[in-house]
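Structure first, then comments.
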Amino acid sequence: MDNKLLLLTSKKQKLDSFRPLPPELVKNLDDWFKVELTYTSNAIEGNTLTRAETALVVEKGITVQGKSLTEHLEATNHVEALDYVKTLVGKERQDITEDDIMNIHRLILNKIEAGSAGRYRTQHARLTETDVVLPNPVKVPDLMQEFVKWLVSDNSDHIAKIAAAAHYKLVSIHPFSDGNGRTSRLLMNLLLMQEGYPPAIIRKEDRLAYINSLERAQKGNGLDDFYNLIYEAVDRSLDIYLEAIEPERISVAELSPEQRFYTTEEVAKLLKVDPESVRRYVRSGKLRAVRLGGKFIRIDRVDLNNFIEGLKR
Ligand SMILES: Nc1ncnc2c1ncn2[C@@H]1O[C@H](COP(=O)(O)OP(=O)(O)OP(=O)(O)O)[C@@H](O)[C@H]1O
Ligand SMILES: [Mg+2]
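For the sequence shown, numbering that gives the first Met the number 0 begins at 0 and goes up steadily by one.
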């Protein structure tokens, strides 16, 4: 098997060895993933809410000045769709139905496009950034039946591969007039969560690589790039869990260029400010961090670099 998949399996086994996880930790991680998935999945689609704004909308029900009703609805709808997906985590992949996928889509477009929420498209669809040709709408119902048949079939592949393939197959059928990406990402994450994996987050900065890898596959050049992108995303999520469980794993003394996450103390050291200033940057939303038990414990290298770039401007 692919080395990357073996690594995922071993990290997952390690995570399982800590179960049951402390309920407070689980709740904090759940809350963090909820905001992060909602922010990123909508940002990829063009929603302009920032992570901090998304958190305000979904956690506090606050509206953000200057942002459209649709952008707010996309945030709250995504949370509702994710909550629905979580109700399906208890069942097996073999029991997923076409209705489940329809329901996810209905929640995604609820109150935004009443006519097409939870319905297959009846029009030709085109992807804006590519000349890839999508299936004729007449074929969509059959293709979807076939897709679900594949989804629930015996398949001994690694779940990360099945989940990524499901995402690819669904966006390639493109059964809906809009919301295909968001629905597919949720379906992929349902499959991962059913097997005890944390959800994969496709970051905003991964958008181009993500779309390009889908297009490459569409044009017959294989799914390797797409698989790798998804495996990386699953790996990052596993790291977030593992580092939350054993934060002392990374030494504060040495900062290595390969390091993915930094603690508050490390960031303070790097920016030559005190840890309280770092916490302030995080509270104000200027710097994104994984917040656990009230402490900011992990800051993604990409976010840290963005923040440092921002300071220079
Ligand atoms: N060449 C391609 N082949 C297959 N799927 C693609 C290709 N390019 C993009 N996609 C998928 O189509 C999605 C866009 O479709 P659509 O607008 O229906 O979804 P969305 O949920 O509204 O938006 P988004 O997926 O961008 O959040 C992309 O996110 C991506 O998942
Ligand atoms: Mg769209």
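In this text, a Cβ means the ideal position worked out from N, Cα and C, and glycines have one as well. For clarity, every value in this text was computed on a predicted model and none was experimentally measured.
Margin query: Tell me whether Q122, by its Cβ, gets closer than 8 Å to a heavy atom of ligand 1.
Written below: no
Note to self: Please identify the residue among G180, S283, A159 whose C-alpha is closest to the C-alpha of G195.
What the structure shows: A159
Notebook entry, point to check: So which of K11, L48, P140, T75 has the shortest CA-CA distance to L58?
Noted result: For the record, residue 58 in the displayed sequence is Glu; it is not Leu. Ranking the options by Cα distance to E58, first place goes to T75.
Notebook entry, point to check: Which one or two residues does DSSP pair with V281 in a beta bridge?
Noted result: Paired residues: none, contrary to the question.
Check: Under a Cβ-count criterion, where at least 16 other Cβ atoms within 10 Å of its own Cβ denotes burial, should V251 be classed as buried or exposed?
Finding: Confidence is the limiting factor: at V251 the pLDDT is only 43, short of 50, which leaves the residue's position unreliable and the question unanswerable from this model.
Notebook entry, point to check: What is the residue span of the alpha helix (DSSP H) that N211 lies within?
Noted result: 206-217
Item checked: Own chain, CB closer than 6 Å to F306, minus 5 neighbours either side, in chain order -> L286
Item checked: Where R120 sits in the DSSP three-state scheme -> coil
Checklist line | D29 beta carbon less than 9 Å from that of H157 | finding: no
Check: In whole angstroms, what separates the C-alpha of V149 from that of E70?
Finding: Reading the sequence as shown, one finds Trp at residue 149 and not Val. Taking the straight line from one Cα to the other gives about 34 Å.
Margin query: Just to check my reading of the structure: G180 and E44 have Cβ atoms closer than 8 Å, yes? What is that Cβ distance to the nearest angstrom?
Written below: 6 Å
Item checked: Cα-Cα separation, R248 to R125 -> Residue confidence for R248 is low, a pLDDT of 49 falling below 50, so the modelled location carries little weight; the figure read from the coordinates is stated next. For R248 and R125, the distance between alpha carbons rounds to 47 Å.
Margin query: Are there any heavy atoms of ligand 2 lying less than 8 Å away from the beta-carbon of G178, as far as the coordinates show?
Written below: yes
Next item on the list: Assign S310 to one of two classes, buried (16 or more other C-beta atoms within 10 Å of its C-beta) or exposed (fewer than that).
Entry: The sequence shown places Leu at residue 310, not Ser. Its Cβ having fewer than 16 others within 10 Å, L310 is exposed.
Next item on the list: Classify S21 as buried or exposed, calling it buried when 16 or more other Cβ atoms lie within 10 Å of its own Cβ.
Entry: For the sequence presented, residue 21 should be read as Pro rather than Ser. When all chains shown are included, P21 counts as exposed.
Notebook entry, point to check: Would you call L68 buried or exposed, if buried means 16 or more other Cβ atoms sit within 10 Å of its Cβ?
Noted result: exposed
Check: What are the start and end residues of the alpha helix (DSSP H) that includes R184?
Finding: 179-193
Item checked: Local conformation of Y196 per DSSP, three classes -> coil
Next item on the list: Could you tell me if K33 is buried or exposed, where buried requires 16 or more neighbouring beta carbons within 10 angstroms of its beta carbon?
Entry: buried
Next item on the list: Check the C-beta distance from H104 over to F175 and give it rounded, since I have them as a contact under 8 Å.
Entry: 6 Å
Next item on the list: Indicate, with yes or no, if ligand 3 has a heavy atom lying under 8 Å from the CB of N41.
Entry: Ligand 3 is absent from the structure shown, which contains only ligand 1 and ligand 2.
Next item on the list: Would you list the residues sitting across from R297 in a DSSP beta bridge?
Entry: V289
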